[in-house]
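Trainee:
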Amino acid sequence: MKKLLFFVVLFFLLATMQQVQAQDKYQATWESLKKYETPEWFKDAKFGIFIHWGVYSVPAFGSEWYPRSMYLQGSNEFKHHIETYGTQDKFGYKDFIPMFKGEKFDPQVWVALFKKAGAKYVVPVAEHHDGFAMYKTAYSKWNAFNMGPKRDVIGELATEIRKQGLIFGLSSHRIEHWFFMNGGRKFASDLLDEKNDDFYGPAREESETPSAEYMNDWLLRNAELINNYQPQLFWFDWWIEQPAMDPYRKSFAASYYNKGLEWNKGVVINYKNISYPEGTAVLDLERGKLAGIRKLPWQTDDAIGNESWGYCAGNTFKDARYVITNLIDIVSKNGNLLLNIGPRPDGTITDDETATLLGTGKWLDVNGEAIYGTRPWKVFGEGPTESASGSFADQKKPFTAQDIRYTTKGDTLYAITLGLPLTTTSLKLLGKKGANGTVENIALVGSNEKVVWSQAADAVTIKPSKSYPSQNAVAYKIILKK
352 MKKLLFFVVL FFLLATMQQV QAQDKYQATW ESLKKYETPE WFKDAKFGIF
402 IHWGVYSVPA FGSEWYPRSM YLQGSNEFKH HIETYGTQDK FGYKDFIPMF
452 KGEKFDPQVW VALFKKAGAK YVVPVAEHHD GFAMYKTAYS KWNAFNMGPK
502 RDVIGELATE IRKQGLIFGL SSHRIEHWFF MNGGRKFASD LLDEKNDDFY
552 GPAREESETP SAEYMNDWLL RNAELINNYQ PQLFWFDWWI EQPAMDPYRK
602 SFAASYYNKG LEWNKGVVIN YKNISYPEGT AVLDLERGKL AGIRKLPWQT
652 DDAIGNESWG YCAGNTFKDA RYVITNLIDI VSKNGNLLLN IGPRPDGTIT
702 DDETATLLGT GKWLDVNGEA IYGTRPWKVF GEGPTESASG SFADQKKPFT
752 AQDIRYTTKG DTLYAITLGL PLTTTSLKLL GKKGANGTVE NIALVGSNEK
802 VVWSQAADAV TIKPSKSYPS QNAVAYKIIL KK
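Structure representation (structure tokens):
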């Protein structure tokens, strides 16, 4: 009888545990997905690297949208393609694949550079709009493992990123392939050859709702990426916001978040615009920023290259000063910066991008404590220069040393000047008339030099240093009396 009672109790306990586990898991409903909380690693990381590397780096003309534009009659890419390679029925986008060799691709070198740049997570593009997968996949022969470099680029990067202590993520732009190559349907091109349908297709109109078959394929490819590579961040471009994608977006999120629970690792979905309701994933703004603090964590994805995300001849680049000051501005508003590079087709990274990454890392080596692991203060900052706001809004007017951004970590307040102060720095938000507290001490991050400061009714003033420990921006560590 006791043995029977034992098994009954055991059965009840196991059933109860399973029920609790089921309740803890995410369901494919917005109500369930709103239980999601952004993991601490993402909140702490602040800075990541995005990588656009693919077949489009071979023509290196215009932008990473070359595969679409070369089939759009009248475009500069269309004309350039015919003049350089011949007509699109004789030389199509697929013919660039053998030229995409990646013979100098070295994941160890890449990741070491990203780590030196101060990045905490890395997000390579797994598949761009062109439909060429940069990983070993069962769903298409058109991939980097079978063709071109003949290497599982995503797999190799995932291994090396984790080996060097960074967080691995990836992006999928697959859904946009529904329409991406459609220009080639309208004139004599290799898109009209049926044997290429599995690469170029469906090539439908952007106004057409994706078919259930195509959306299911999208879901299956994403599941394969999750199962095979276990990314802790999954980044999506804008087009998943199609109304027909609603159940697929929910199914993906529930499945991915449950995988995160299974792995015991916090995972992140990045989305644009209105693809996900607020609080169910992490908002991402392309080449843009927010004007003020957002309660929920968010992210900017921006490229060092000004004209193209992928490698492109004639591209111009942002310097380290631009990246550093905008990183500070973004972090002060509860955001992260995902900064993109576009390697050459041989797998090397340009000197300009390398210089910007190393310059950023040099600043973070000194001032990282004012960035990593911080949270916004009650006010993001002060100063004369207006911040850009919204998507596709570069910071046209450079910040100055009079522009201040604030971050906090525990009881410590950081005031970061977005330039080297050559005259007195004035922190008006810390004047005695305000309600922000009495300053007890101020130190210059990265320096043992005594800071000369005073707190008056209208502001805290800080005299310039004789020698600053870093270029481009300066961080002051402020202790307020409790």
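Per our numbering, the very first residue in the sequence shown carries number 352; after that it's consecutive.
Even glycine gets a Cβ: it sits at the ideal position worked out from N, Cα and C.
None of these values were measured; they are calculated from a predicted model.
My output table needs one value for Arg-726: the three-state DSSP class, helix, strand or coil.
Mentor: Taking the first residue of the sequence shown as 1, we reach residue 726 at position 375. DSSP places Arg-726 in strand when its eight states are reduced to three.
Trainee: Comparing alpha-carbon positions, which option in Ile-681, Ile-830 and Pro-696 lies nearest Ala-664?
Mentor: The residue labelled residue 664 in the question sits at position 313 within the sequence shown. Closest option to Ala-664, Cα to Cα, is Pro-696.
Trainee: Nearest-angstrom Cα distance between Ser-383 and Val-618?
Mentor: Stepping through the sequence shown from its first residue, residue 383 is reached at position 32. Stepping through the sequence shown from its first residue, residue 618 is reached at position 267. Cα-Cα distance, rounded: 16 angstroms.
Trainee: Rounded to whole angstroms, what is the Cα-Cα separation between Leu-764 and Gly-698?
Mentor: On the sequence shown, position 413 is the one that residue 764 refers to. On the sequence shown, position 347 is the one that residue 698 refers to. Rounded to whole angstroms, Leu-764 to Gly-698 spans 42 angstroms at the Cα level.
Trainee: Assign Tyr-490 to buried or exposed, taking buried as 16 or more other Cβ atoms, counted over all protein chains shown, within 10 Å of its Cβ.
Mentor: Residue numbering aside, residue 490 sits at position 139 when the sequence shown is read from its first letter. Tyr-490 is exposed by the Cβ-count criterion.
Trainee: Between the stretch 400-418 and the stretch 468-478, can you find at least three pairs of beta-carbon atoms closer than 8 angstroms?
Mentor: yes
Trainee: Is it buried or exposed for Leu-773, if we count other Cβ within 10 angstroms and need 16 for buried?
Mentor: Walking along the sequence shown from the start, residue 773 turns up at place 422. Under this definition Leu-773 is an exposed residue.
Trainee: For the beta strand (DSSP E) holding Gly-399, just list the boundary residues, first then last.
Mentor: By 1-based counting over the sequence shown, the position of residue 399 is 48. Segment 398-402, the beta strand (DSSP E) holding Gly-399.
Trainee: Under 7 angstroms, do Ile-591 and Ile-526 count as touching if we go by C-beta distance?
Mentor: As a position in the sequence shown, residue 591 is number 240, starting the count at 1. As a position in the sequence shown, residue 526 is number 175, starting the count at 1. In contact: Ile-591 and Ile-526 (Cβ atoms closer than 7 angstroms).
Trainee: Taking one C-beta from the stretch 586-606 and one from the stretch 490-502 each time, how about it: are there three or more such pairs within less than 8 angstroms?
Mentor: Taking a cut-off of 8 angstroms on C-beta distances, the stretch 586-606 does not touch the stretch 490-502, as fewer than three cross pairs fall below it.
Trainee: When you compare only the Cα positions, how much space is there between Ser-540 and Gln-439?
Mentor: Here the question's residue 540 lines up with position 189 in the sequence shown. Here the question's residue 439 lines up with position 88 in the sequence shown. When rounded, the distance between both Cα atoms is 5 angstroms.
Trainee: How big is the Cα-Cα spacing for Gln-378 and Ala-605?
Mentor: Numbered from 1 along the sequence shown, position 27 holds the residue referred to as residue 378. Numbered from 1 along the sequence shown, position 254 holds the residue referred to as residue 605. Rounded to the nearest angstrom, the two C-alpha atoms are 6 angstroms apart.
Trainee: For Ala-882 and Asn-792, what's the separation of their Cα atoms in angstroms?
Mentor: Given a span of 352 to 833 for the chain in the structure shown, any question on residue 882 remains unanswerable.
Trainee: Since His-528 contacts His-480 with CB under 8 angstroms, what's their CB separation in whole angstroms?
Mentor: Residue mapping note: residue 528 aligns to position 177 of the sequence shown, counting from 1. Residue mapping note: residue 480 aligns to position 129 of the sequence shown, counting from 1. Taking C-beta atoms under 8 angstroms as the contact rule, His-528 and His-480 qualify, at a distance of about 6 angstroms.
Trainee: Using 8 angstroms as the cut-off, can you tell me whether the stretch 787-805 makes contact with the stretch 700-712, which would need three or more C-beta pairs spanning the two stretches below that distance?
Mentor: no
Trainee: Okay, do the stretch 704-712 and the stretch 413-421 touch, 3+ Cβ pairs below 8 angstroms being the bar?
Mentor: no
Trainee: How far does the alpha helix (DSSP H) with Glu-507 in it reach, from first residue to last?
Mentor: Walking along the sequence shown from the start, residue 507 turns up at place 156. Per DSSP, Glu-507 belongs to the alpha helix (DSSP H) from 504-514.
Trainee: Which residue wins for smallest C-alpha separation from Leu-678, given the options Trp-392, Trp-649 and Thr-667?
Mentor: Translated into positions along the sequence shown, residue 678 becomes position 327. The shortest Cα separation from Leu-678 among Trp-392, Trp-649 and Thr-667 belongs to Trp-649.
Trainee: Please report the straight-line C-alpha distance between Pro-582 and Tyr-387, rounded to a whole angstrom.
Mentor: By 1-based counting over the sequence shown, the position of residue 582 is 231. By 1-based counting over the sequence shown, the position of residue 387 is 36. Going from the Cα of Pro-582 to the Cα of Tyr-387 covers about 17 angstroms.
Trainee: Which word fits Met-450, buried or exposed, when buried means at least 16 other C-beta atoms lie within 10 angstroms of its C-beta?
Mentor: Position 99 of the sequence shown, counted from the start, is the residue given in the question as residue 450. Per the 10 Å Cβ criterion, exposed.
Trainee: So the alpha helix (DSSP H) Asn-677 belongs to, where does it begin and stop?
Mentor: Locating residue 677 in the sequence shown gives position 326, counting from the first residue. Per DSSP, Asn-677 belongs to the alpha helix (DSSP H) from 671-683.
Trainee: Since Ala-470 and Phe-398 are thought to touch, with beta carbons under 8 angstroms apart, how far apart are those beta carbons, to the nearest angstrom?
Mentor: Here residue 470 is taken as the residue at index 119 of the sequence shown, counted from 1. Here residue 398 is taken as the residue at index 47 of the sequence shown, counted from 1. Contact holds; Cβ gap of about 5 angstroms.
Trainee: Please list the terminal residues of the continuous alpha helix (DSSP H) segment that includes Ile-433.
Mentor: Here residue 433 corresponds to residue number 82 of the sequence shown, with the count starting at 1. From DSSP, the alpha helix (DSSP H) with Ile-433 extends over 427-436.
Trainee: Can you give me the C-alpha to C-alpha distance between Trp-569 and Asp-549, rounded to a whole angstrom?
Mentor: For the purposes of this step, residue 569 is identified with residue 218 of the sequence shown, where counting begins at 1. For the purposes of this step, residue 549 is identified with residue 198 of the sequence shown, where counting begins at 1. If I take the Cα positions, the gap works out to 14 angstroms.
Trainee: Express the C-alpha separation of Asn-427 and Ser-683 in angstroms, rounding to a whole number.
Mentor: For this step, residue 683 is matched to residue 332 along the sequence shown. For this step, residue 427 is matched to residue 76 along the sequence shown. About 41 angstroms.
Trainee: Enumerate, from N- to C-terminal direction, the unbroken beta strand (DSSP E) stretches of 3 or more residues contained entirely within the stretch 574-638.
Mentor: 584-587, 619-622 and 633-637
Trainee: Can you tell me the Cα-Cα spacing of Phe-531 and Glu-557, whole angstroms?
Mentor: Against the sequence shown, residue 531 aligns to sequence position 180. Against the sequence shown, residue 557 aligns to sequence position 206. Computed Cα separation, rounded: 8 angstroms.
Trainee: Measure from the alpha carbon of Leu-780 to the alpha carbon of each residue in Gly-535, Ile-755 and Leu-612, then state which is nearest.
Mentor: Within the sequence shown, the letter at position 429 stands for residue 780. Taking only the C-alpha atoms, the option nearest Leu-780 is Ile-755.
Trainee: Could you check the C-alpha separation between Glu-559 and Leu-612 for me, to the nearest Å?
Mentor: Along the sequence shown, one-based indexing puts residue 559 at 208. Along the sequence shown, one-based indexing puts residue 612 at 261. Pairing Glu-559 with Leu-612, the inter-Cα distance amounts to about 36 angstroms.
Trainee: Could you compute how far the alpha carbon of Asn-615 sits from the alpha carbon of Asn-609?
Mentor: Against the sequence shown, residue 615 aligns to sequence position 264. Against the sequence shown, residue 609 aligns to sequence position 258. Straight-line Cα distance between these residues: approximately 10 angstroms.
Trainee: Per DSSP, what kind of secondary structure is Asn-687 in: helix, strand or coil?
Mentor: Looking up residue 687 in the sequence shown gives position 336. Strand.
Trainee: Thinking just about the alpha-carbon of each residue, which of Ser-798, Asp-762, Lys-801 and Gly-734 is nearest to the one in Thr-776?
Mentor: Residue numbering aside, residue 776 sits at position 425 when the sequence shown is read from its first letter. Comparing C-alpha distances from Thr-776 to each of Ser-798, Asp-762, Lys-801 and Gly-734 shows the shortest one belongs to Gly-734.
Trainee: Can you tell which of Gly-535, Asp-762 and Ser-818 has its C-alpha closest to the C-alpha of Gly-797?
Mentor: Against the sequence shown, residue 797 aligns to sequence position 446. Per the Cα distances, Ser-818.
Trainee: Could you tell me which residues DSSP pairs with Ser-777 in its beta bridges?
Mentor: Start at 1 with the first residue of the sequence shown, and residue 777 comes out as number 426. Thr-812, per the DSSP bridge assignment.
Trainee: Between which two residues does the beta strand (DSSP E) carrying Gln-650 extend?
Mentor: Translated into the one-based positions of the sequence shown, residue 650 becomes position 299. That run of the beta strand (DSSP E) goes 649-654.
Trainee: Over what stretch of residues does the alpha helix (DSSP H) that includes Ser-491 continue unbroken?
Mentor: Your numbering for residue 491 matches position 140 in the sequence shown. First-last for Ser-491: undefined, no H or E at that position.
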